[in-house]
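Working notes, structure below.
In the UniProt record's numbering, the protein residues as written are 1 to 288.
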């Protein structure tokens with residue numbers, strides 16, 4: 001049983017790879033701006049050109065929708081309780097397949113669930129970790145049921161319309177989130193997704209375990225990044241996660257006038273935080 005993921009390579013290079021894990025309901029392209037800023041930053045400072053990758057999650061972008069037989073057990077309500085673990089294993093297998101033992105992992109929102117599960121299942125593969133606009137909680141019953149209903153609608157109607165609410169302007173949204181550019185870009189990306197892939201990711205997230213016990217087990221250098229206008233992972237949610245990382249040094253970055261997709265809304269600020277994390281990793285390895 002294995003999941004297939006397509007890897008988007010922004011840059012090959014030397015040293016420990018940076019793996020950027022995208023959020024829902026889009027694909028690796030939400031990292032384009034941030035990856036470009038990172039490459040420009042490292043070039044300007046004449047740093048070692050480390051690899052930068054951004055794989056598409058199963059069912060997202062260029063990655064195929066997993067078959068039922070490859071997705072693990074299915075709960076009575078349709079959720080996929082094994083799928084997050086299978087996805088974490090697939091990401092680490094990708095790393096190992098090209099000869100690397102460790103990576104610096106950066107996950108935004110649903111990507112953060114994946115990064116935390118890599119920490120749970122493969123801590124030896126984590127050289128550094130950045131969690132962006134995410135959380136460690138499993139879904140509450142109402143949230144789980146809502147995901148499962150969205151998945152059902154996507155499949156039955158063969159549409160991504162049930163997740164177009166990510167593009168709708170809400171009170172308190174950041175300036176970028178309200179902009180025509182954001183609405184147009186994210187609407188396009190969502191429409192380009194496979195409805196069955198949207199459904200698979202929702203069922204995966206609905207079945208995921210609570211991962212709050214992982215924060216204290218993180219020993220690699222860490223960064224926590226969030227937008228102040230994020231409706232689901234604002235500083236009030238993210239700051240306790242940073243405080244729970246008692247086994248490592250963690251840098252907290254709160255971004256003013258920024259919503260949920262911080263890496264796209266404020267790519268330069270996120271790139272700077274990731275650049276600082278990347279610089280800390282060799283020092284931590286040397287001190288071991």
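Even for Gly, the Cβ is constructed at its ideal location relative to N, Cα and C.
Apart from the five residues just before and just after residue 256, which ones in its own chain have a Cβ nearer than 8 Å to its Cβ?
228
Nearest neighbour of residue 108, chosen from 222, 247, 99, 131 [CA to CA]
131
Pick helix, strand or coil for residue 212, following the three-state DSSP scheme.
helix
With distances taken Cα to Cα, identify the nearest neighbour of residue 89 among 106, 119, 99, 61.
119
Opposing strand residues paired with residue 252 [DSSP bridges]:
224
Do residue 262 and residue 133 have their CB atoms nearer than 7 Å?
yes
Cβ distance (whole Å) where residue 50 is taken to contact residue 13 below 8 Å:
5 Å
Which one or two residues does DSSP pair with residue 105 in a beta bridge?
19, 129
Cβ-Cβ distance between residue 105 and residue 98 below 7 Å:
no
What are the complete alpha helix (DSSP H) segments, minimum 4 residues, inside the stretch 135 to 183?
141 to 157
Span separating the alpha-carbon of residue 37 from that of residue 31
10 Å
The ligand GTP and residue 174: does any heavy atom of the ligand fall closer than 6 Å to the residue's C-beta?
The model depicted lacks the ligand GTP and carries no ligand whatsoever.
Residue 224 and residue 127 closer than 7 Å at C-beta
no
Under a three-way DSSP split, which group does residue 54 fall into?
strand
Identity of the residue in 7, 71, 190 nearest residue 203 by Cα:
71
Using DSSP with H/G/I as helix, E/B as strand and the rest coil, what is residue 96?
helix
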